[in-house]
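In the numbering used here, the protein residues as written are 5 to 245.
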Ligand code: C5P
């Protein structure tokens, strides 16, 4: 079991396994107070709500990263069903629009204080200017992310998912309770994979992000537990984060 001096819980470990043995072999070595776990569309499609229940039995809080993007009514039902699973954090694509985000928020109202955090994805960290241009979006990723941030704020989202390249600026223009979640974290020598707008954890930490999402640099490393420990040590090195 990995135990940390200070538990920062600022790290969200993105699980991306295709078999349950490997999944639980890893998470059963992790203290649930040390990080949150993220389940995305790959694992939820393979294993469904029973995976969520099995992880909850181990006392982890879950970010269910299904990035809903549909018509408002459908999204609201999906959000409601996901919230019933006792999820800690849920998300939608801000590009689904204002009415969709408002419907998602409204679907959580009956849960009151027990509602999961609802965050909106701005621009995927895997997308660069060329990707946006090919979709007819001629703003830079930062400009487009800022536009989507503003829509997310108008819809009373609890936060956004954005690149660490955006967080310094976003921190200045959002109130302190607004959550910034940043994937695309890499060490200097690790592969970028399909990500484009990446940063090291040390840089991200300085940028004012609230939570970092780290997947493959941990799960695909030779020793995932040592690598997780390495990242957690960076997070608790001082109190900046
Ligand atoms: O393996 P890696 O560290 O790149 O994993 C990042 C995770 O964060 C992936 O599961 C991906 O789906 C998610 N994500 C992202 N960019 C966003 C939102 C979520 O990479 N804007």
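We put the CB at the ideal spot given by N, CA and C, even for glycine.
Rounded to whole angstroms, the separation of the alpha carbons of residue 39 and residue 16 is 6 Å. Following the DSSP letters along the chain, one finds residue 93 inside the beta strand (DSSP E) bounded by residues 93-97.
In terms of Cβ geometry, residue 199 and residue 212 do not form a close pair [threshold 8 Å]. Between the ligand C5P and the CB of residue 231, the shortest heavy atom gap is not smaller than 7 Å.
Ranked by Cα distance from residue 152, the first of 76, 62, 125 is 125. When the beta-carbon positions are compared, residue 91 and residue 68 come within less than 8 Å of each other. Relative to the Cα of residue 26, the nearest Cα in the group 14, 55, 155, 13 belongs to 55. A straight line joining the alpha-carbon of residue 72 with that of residue 97 spans about 6 Å. Taking C-beta separations shorter than 8 Å and ignoring five residues to either side along the sequence, the partners of residue 50 in its chain run 22, following chain order. Contact between the segment 180-187 and the segment 216-223 is present: 3 or more CB-CB pairs across the two stretches fall below 8 Å. Contact fails between the segment 172-182 and the segment 108-119, because fewer than three Cβ pairs, one in each stretch, are under 8 Å apart. Residue 48 is a Cβ neighbour of residue 70, given a cutoff of 8 Å. Apart from sequence neighbours up to five positions away, the residues of its chain that approach residue 106 with a beta-carbon distance below 6 Å are 159, ordered along the chain. In this chain, the alpha helix (DSSP H) harbouring residue 79 covers 76-87. In the DSSP assignment, residue 171 falls within the unbroken alpha helix (DSSP H) covering 168-177. Using a cutoff of 7 Å, the CB of residue 228 does not count as near the ligand C5P, since none of the ligand's heavy atoms is closer than that.
Taking C-alpha positions only, residue 87 is separated from residue 138 by approximately 35 Å. Within 7 Å of the C-beta of residue 102 there is not a single heavy atom belonging to the ligand C5P. According to DSSP, residue pairing for residue 72 in a beta bridge involves 96.
For residue 203, the three-state secondary structure derived from DSSP is strand. Going by DSSP, residue 44 is part of the beta strand (DSSP E) stretching over 40-44.
Set against 7 Å, the gap from the CB of residue 179 to the closest heavy atom of the ligand C5P is not smaller. In the DSSP assignment, residue 121 falls within the beta strand (DSSP E) that extends over 121-125. If you draw a straight line from the Cα of residue 62 to the Cα of residue 13, it is about 16 Å long. Distances taken from the Cβ of residue 199 to the heavy atoms of the ligand C5P include one shorter than 7 Å. Residues of the same chain with a CB within less than 7 Å of the CB of residue 131, apart from the 5 flanking positions on each side, are 145, 200 in chain order.
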